[in-house]
Amino acid sequence: MSTSNQENQTWKSKGTFLLAAAGSAIGLGNLWRFPYITGENGGGAFILVYLLCVLMLGLPLLMAEVSLGRYSRRSPITAMGSLARHIGASRSWAGVGIMGVLTGVMILSFYSVIAGWAMSYTYESFAGTFTGMPADEIGKFFSNMIADPVTLTIWHTVFMLASGIIVGRGIHKGLESGLKIMMPALFILMLLMLLYAITQTGQFGRAVEFMFKPDFSELSVNSIIAAMGQAFFTLSLGMCTMMTYGAYMPKENSIPVTCLSVAGLDTLIAIIAGLSIFPIVFAFGMEASAGPGLLFISMTTAFSQMSFGAIVGGLFFLLVTIAALSSAISLMEPAVAWLQERFGMSRAGATVIVGALIWFVGLGCVLSFNLWSGEEYKLFGKTFFDILDYLTANLMLPLGGMLVAIFAGWKMGRNKMMKELGLSTTLFNLWMPLTRIFAPAAVLVILFTSL
Ligand code: TRP
């Protein structure tokens, strides 16, 4: 059902989809969010549930989203709407895409603030600020930074400008070239940090135990929700992002192979991040449950002691920033594409409107760490940032994913899905019940037990 003007808008080479999808998936979710949420939820048992969620919910849903996108060859809102029309289902399915647009705006408004921290740390590391700094002062440096709304706003603004420029220039030009170098560079630097953690901290064994020896007494209902939310968040699922990318995927790419690679790489990076961070955390007597500052404080402590730490550290945070940038693009793209398609706006105009809105909401997240951190500004004990993070990752993404699963599993029809997915009959017979029954049921059960 592709229309002629959209038909040739596929990625230039076969590898580009993988690169772009991995670029979206790999980001702050793996490097910043995974370690600190793991720390807050007690380690091993949480990671086990998270891995199960990636395998049994994430992977089937990733394949579903990409297939729907490629089948329709449209951006998510029109994709859901026109798919629904095409197969004679209710037009209200378009609502799933609209919810995705909103979710993306909400996520990016806090994501950009955290990416701003990474930018600030890139600058400070290269400037040598942390060289030889004692561990407790590194903790204080972080507290001072987040206590200062002006600094946070400046970096948040810089990050949103960078994202906006890339999105505004269009998806191909901005993405294809840079990621080819940056993604492997990030991977190599992560391996280097892992090596440091193994050889220099003396706490690697303890970290492995913390991450992989499940202690189920640590596992509350809330930890299970958090594990599911993290699986959706880290794979960019549940807001039709992967559908957008699927729309640009050439027919000759294998959906199962690419999805397996994306999920595998994403999980690998998260695990390596954890295995690098927790040994440092234990070696310097920090708290695993320290919260959103965990990545910044622990890694900087290691860099401060390392030879060439200023350069290695600066490079590390630079790559974190770029990983965040390639994810931010995919959070912004659905909203921009929607304004363009729905209201006939120019790409530049749509980008300015979306970017300005996200920037403004982001100010609330900036203030959550300082002026609005007091109890009188909290709702259910949560700051504005906490609420955005919780609502999107733990509720909206799983709900969006559930609706996509129902649509792909029940509405699209067996034959269309089988043809688009290109799975063998055996694997398809595994995918189908996971998507039709397990995914919706699991999301519902997990969400309802929380109420
Ligand atoms: N997956 C990215 C990360 O781990 C964040 C992200 C990008 C995302 N696009 C998304 C999360 C869409 C949810 C939905 O950093």
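Residue numbers for the sequence shown follow my numbering, beginning at 7 and rising by one.
Cβ atoms here follow ideal geometry from the backbone N, Cα and C, with glycine treated the same way.
In this text the structure is predicted, and so the values were computed from the model without any measurement.
- Rounded to whole angstroms, Met312 and Ala203 show a C-alpha spacing of 12 angstroms.
- DSSP, reduced to helix, strand and coil, places Leu385 within a strand of the structure shown.
- One thing to note: Gly252 has its Cβ no nearer than 8 angstroms to the Cβ of Ser430.
- Ala445 is a Cβ neighbour of Leu67, given a cutoff of 8 angstroms.
- For Phe132, the closest C-alpha among the options Ser295, Val164 and Phe314 is that of Phe314.
- Going by beta carbons, Val372 and Leu158 fall inside the 8 angstroms limit.
- A direct Cα-to-Cα measurement between Met249 and Glu71 gives close to 5 angstroms.
- Relative to the non-hydrogen atoms of the ligand TRP, the Cβ of Ala31 comes within a distance shorter than 7 angstroms of at least one.
- At a threshold of 7 angstroms, Thr247 counts as near the ligand TRP, since its beta carbon sits closer than that to one of the ligand's heavy atoms.
- Of the residues Glu426, Phe222, Met151 and Ala141, the one whose Cα lies closest to the Cα of Trp123 is Met151.
- Across the set Gly49, Asp272 and Ser118, the C-alpha of Asp272 shows the shortest separation from the C-alpha of Leu37.
- Shortest gap from the CB of Thr205 to any heavy atom of the ligand TRP: 7 angstroms or more.
- Shown here for Phe323: same chain residues with a beta carbon closer than 7 angstroms to its own, the five before and five after excluded, namely Ala124, Tyr127, Thr128 and Ser131 in chain order.
- Distances between the C-beta of Ile275 and the heavy atoms of the ligand TRP are all 7 angstroms or more.
- In this structure, the ligand TRP has a non-hydrogen atom nearer than 7 angstroms to the beta-carbon of Phe239.
- Within the region 33-93, the runs of alpha helix (DSSP H) that reach at least 4 residues and sit entirely inside it are, in chain order, 40-46, 50-59, 65-78 and 82-93.
- In the displayed model, Met402 falls within a helix according to three-state DSSP.
- Straight through space, the alpha carbons of Phe216 and Gly48 are spaced by roughly 8 angstroms.
- The region 350-358 and the region 166-174 touch, with three or more beta-carbon pairs separated by less than 8 angstroms.
- The region 431-438 makes no contact with the region 192-212: fewer than 3 CB pairs, one atom from each, lie closer than 8 angstroms.
- Taking the CA atoms as reference points, Pro220 sits about 15 angstroms from Gly280.
- A direct Cα-Cα distance of roughly 21 angstroms separates Thr84 from Pro404.
- In this structure, the ligand TRP has no non-hydrogen atom nearer than 7 angstroms to the beta-carbon of Leu65.
- Per DSSP, reduced to three states, the secondary structure at Glu293 is coil, with no helix or strand assignment.
- In this structure, the beta-carbon distance from Ser310 to Ile53 does not fall below 8 angstroms.
- In this structure Phe40 touches Ala276 by the C-beta definition: roughly 4 angstroms separates them, less than 8 angstroms.
- Val119 is the residue among Gly75, Leu377, Val119 and Gly29 whose C-alpha sits nearest the C-alpha of Asp395.
- In terms of CA proximity to Ser304, Val287 leads the group Leu108, Gly297, Val287 and Cys59.
- Contact between the region 181-190 and the region 321-335 is present: three or more C-beta pairs spanning the two stretches fall below 8 angstroms.
- A heavy atom of the ligand TRP is found nearer than 7 angstroms to the CB of Ile113.
- The three-state reading of DSSP puts Cys246 in coil, since its state is none of H, G, I, E or B.
- Judged by DSSP secondary structure, Gln346 falls within the alpha helix (DSSP H) whose first and last residues are Gly315 to Phe349.
- In terms of CA proximity to Gly368, Thr163 leads the group Ile278, Thr163 and Arg420.
- Taking each of Ala153, Gly270 and Arg420 in turn and checking the Cα distance to Leu61, the smallest one comes out for Gly270.
- Cβ contact annotation for Glu46 (same chain, cutoff 6 angstroms, sequence separation greater than five): Ser295, in chain order.
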